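Numbering (our numbering), first residue to last: 393 to 481. Backbone N, C-alpha and C fix where the C-beta goes; we use that ideal spot for every residue, glycine too. From a predicted model like this one, the values you see are computed outputs, not experimental measurements. Scroll down for the structure; my scribbles are underneath it.
Okay, structure coming up:
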């Protein structure tokens, strides 16, 4: 028989398939989810498969956060653009 009733208890430790695509998340949302994933991985709880799924989700979230940070840096550079030098790089 299928395991529809077990999804509630064990499903809490798996990244659910209903999680939003990282590309659709804002910086704070992606960062907060990444922090939660790191805490879960550091706790050592869960199976190897669950840990791998969390790691993959974390990598995607980290990449999304970096996209947001790169975009913010580009906007700041553009705002300073015509009147400054790039001494900090």
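Cα-Cα separation, residue i to residue j
i, j, result
"residue 459", "residue 419", "9 Å"
"residue 443", "residue 472", "43 Å"
"residue 446", "residue 466", "30 Å"
"residue 411", "residue 423", "14 Å"
"residue 469", "residue 462", "10 Å"
"residue 430", "residue 464", "24 Å"
"residue 438", "residue 427", "17 Å"
"residue 435", "residue 417", "25 Å"
"residue 421", "residue 448", "17 Å"
Residue from the options with nearest C-alpha to residue i
i, options, result
"residue 413", "465, 454, 431 and 435", "454"
"residue 450", "425, 417 and 421", "425"
Buried/exposed call for residue i, threshold 16 Cβ in 10 Å
i, result
"residue 456", "buried"
"residue 415", "exposed"
"residue 396", "Interpretation of residue 396 is limited by its pLDDT of 38, a score under 50 that renders its predicted location unreliable; no figure is taken from the coordinates."
Assigned secondary structure, residue i (DSSP; H/G/I helix, E/B strand, else coil)
i, result
"residue 417", "coil"
"residue 521", "Residue 521 cannot be examined here, being either before or after the span of the chain that is shown, 393 to 481."
"residue 438", "coil"
CB contact below 8 Å: residue i versus chain D
i, result
"residue 468", "Reference to chain D is not applicable here, since this structure consists of a single protein chain."
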